[in-house]
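Down below is the structure, laid out as structure tokens.
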Amino acid sequence: MEEPVVGLAKGEEGQVLVWLVVLLPLLLLVVGMVWEGGMMYRTYRIAQAAADAGAHAAAMHLDQGAYLQTGRILLDAGASEAARQAALRNSPAILDCGAPMIVGNHVELVCRAALRPTLLPGPETIVSVQGRARPGWGISGEGQ
Amino acid sequence: MKSENEEGQAYVEMLIALPLLLLLFFAVVAFGRIMIAGVAVDQAAFAGARYGAESLSMEQAAYQAFLASAYNLEANGFDADLAAWRFVSYGRDGWASNEVAMAVSLGDLPIIGPLLGPTFVVRQRVVFEVERWKSRW
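Protein chains in written order, with numbering that gives the first Met the number 0: chain A, 0 to 143; chain B, 0 to 136.
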């Protein structure tokens, strides 16, 4: 009785190499996408932290004069620039920031950040990151 | 029946393909280690800068920044003693800067270890505006 052939049949030599040549670019593409995803995620995290630092900087610019006169808590004229500077200094991905706003007892700052691929060709993605911060003494005044 | 030549063919092909696949595998492991350390270092640098900026004096600031950085690294499972940190306050400028650097060990990974070197340094610097309501810097 003839044995069943389980190995390579005639003419199938080199099949593994052919498959490798076909699949390797695909494999490298997958690895490249994992790399890009990881790098973009890290850039996003840093941009998020930069927006938080920007909100924190704005929270250092409460308008004391307005508070003493009217009792209202407002940001002073330098708040926007301080917030922008803090965000830009902490992340090169930050493009621009909106005006910081007081929401509840927090200061919120929304910035736009560009996530650019580093290895693979592709368009940059613009994302919006929202930073929040509360000054140490608290806008509600609990730390006073 | 297979001839001896055909049996050897598969081994030769595997010998060519295997190092490539192993390289990819260990590269992914190395990438994972670097990313995990990167997230921890980012967090540590951010927390350190924030606590430093919120402290009451410049002397306290450096110590608080160090403690916050170290605590964050430890909380993420890293040995804070192996990290380098540097806290700089700009005094009247009103800015505090905190930098944390940590070496990720890759020496135990075959193929990728000799390629990238025994360690890969991950660093991050965060600047924060000093809390001028509280501090007397």
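Just so you know, even glycine gets a beta-carbon here, dropped at the ideal spot from N, CA and C.
Closer than 8 Å at the beta carbon, the chain B residues around residue i
| i | result |
| --- | --- |
| Gly130(A) | What Gly130(A) touches in chain B: nothing, since even the nearest Cβ is about 11 Å away. |
| His55(A) | Arg49, Ala52, Phe127, Glu128 |
| Ala85(A) | Val126, Phe127, Glu128 |
| Arg115(A) | Those do not exist, as Arg115(A) stays about 17 Å from chain B at its closest Cβ, beyond 8 Å. |
| Arg41(A) | Met34, Gly37, Val38, Asp41 |
| Gly97(A) | By Cβ distance, chain B contributes nothing, its closest Cβ being about 18 Å from Gly97(A), past 8 Å. |
Same chain only: Cβ atoms within 7 Å of residue i, ignoring 5 sequence neighbours per side
| i | result |
| --- | --- |
| Ala57(A) | Leu74, Ala78, Ala81, Ala82, Pro99, Val106, Leu108 |
| Ala65(A) | Arg71, Leu73 |
| Glu73(B) | Ala79 |
| Ala50(A) | Ala86, Leu108, Cys110, Val128, Gln129, Gly130 |
Cross-chain neighbours of residue i in chain A, by beta carbon under 9 Å
| i | result |
| --- | --- |
| Ile143(B) | What is shown of chain B runs 0 to 136, which leaves residue 143(B) out entirely. |
| Leu23(B) | Leu26, Leu27, Val30 |
| Val87(B) | Simply none; closest approach about 13 Å. |
Close-in-space but distant-in-sequence residues of the same chain around residue i (CB under 8 Å, 5 per side omitted)
| i | result |
| --- | --- |
| Pro109(B) | Leu21, Phe25 |
| Asn89(A) | Ile45, Ala48, Ala49, Ala52, Gly53 |
| Leu94(A) | Cys110, Arg111, Ala112, Ala113, Ile125 |
Own chain, CB closer than 6 Å to residue i, minus 5 neighbours either side, in chain order
| i | result |
| --- | --- |
| Phe86(B) | Gly51, Ala61, Ala64, Asn97 |
| Arg162(A) | Any question about residue 162(A) goes unanswered here, given that chain A covers just 0 to 143. |
| Thr144(A) | This structure gives no information on residue 144(A), because the portion of chain A shown stretches from 0 to 143. |
| Leu27(A) | none |
7 Å Cβ cutoff met for residue i and residue j
| i | j | result |
| --- | --- | --- |
| Ala52(A) | Ala92(A) | no |
| Asp41(B) | Arg111(A) | no |
| Leu114(A) | Met39(A) | yes |
| Val128(A) | Gln47(A) | yes |
| Trp94(B) | Val126(B) | yes |
| Trp84(B) | Val99(B) | yes |
| Pro116(A) | Glu35(A) | yes |
| Met34(B) | Gly37(A) | yes |
| Asn71(B) | Ala43(B) | yes |
| Ala16(B) | Leu22(A) | no |
| Glu128(B) | Met59(A) | yes |
| Leu23(B) | Val30(A) | yes |
| Asn75(B) | Ala39(B) | yes |
Listed by chain order, chain A residues near residue i by CB distance under 7 Å
| i | result |
| --- | --- |
| Val125(B) | Ala48, Ala52, Asn89 |
| Phe30(B) | Trp34, Gly37 |
Coarse secondary structure for residue i, derived from DSSP in three states
| i | result |
| --- | --- |
| Ser104(B) | strand |
| Val27(B) | helix |
| Ile101(A) | strand |
| Ala112(A) | strand |
| Val29(A) | helix |
| Ile93(A) | strand |
| Arg129(B) | The amino acid occupying residue 129(B) in the given sequence is Val; Arg does not appear at that position. Of the three classes helix, strand and coil, the one that applies to Val129(B) here is coil, per DSSP. |
| Ile125(A) | strand |
| Ser56(B) | coil |
| Asn71(B) | helix |
| Gly142(A) | Model confidence at Gly142(A) stands at a pLDDT of 40, short of 50, so the residue's coordinates are unreliable; what they give is reported in the following sentence. Gly142(A): coil per DSSP, three-state reduction. |
| Leu74(A) | strand |
| Gly130(A) | strand |
| Thr42(A) | helix |
| Thr118(B) | strand |
| Leu67(A) | helix |
| Phe77(B) | coil |
| Ala82(A) | helix |
| Leu22(B) | helix |
| Ala82(B) | coil |
| Leu22(A) | helix |
| Ser134(B) | In this prediction, Ser134(B) scores a pLDDT of 49, lower than 50, which makes its location untrustworthy; the coordinate-derived value is nonetheless stated afterwards. DSSP places Ser134(B) in coil when its eight states are reduced to three. |
Closer than 9 Å at the beta carbon, the chain B residues around residue i
| i | result |
| --- | --- |
| Arg44(A) | Gly37, Val38, Asp41, Gln42 |
Within chain B, the residues that residue i reaches when beta carbons sit closer than 7 Å
| i | result |
| --- | --- |
| Pro122(A) | Within chain B, no residue comes near Pro122(A); the closest Cβ sits about 23 Å away, beyond 7 Å. |
| Ala81(A) | Glu128 |
Contact set between residue i and chain A, taken where Cβ atoms lie within less than 8 Å
| i | result |
| --- | --- |
| Val27(B) | Val30, Val33 |
| Phe45(B) | Ala48, Asp51, Ala52 |
Exercise. Taking one C-beta from the segment 56-66 of chain B and one from the segment 27-35 of chain B each time, how about it: are there three or more such pairs within less than 8 Å?
Worked result: no
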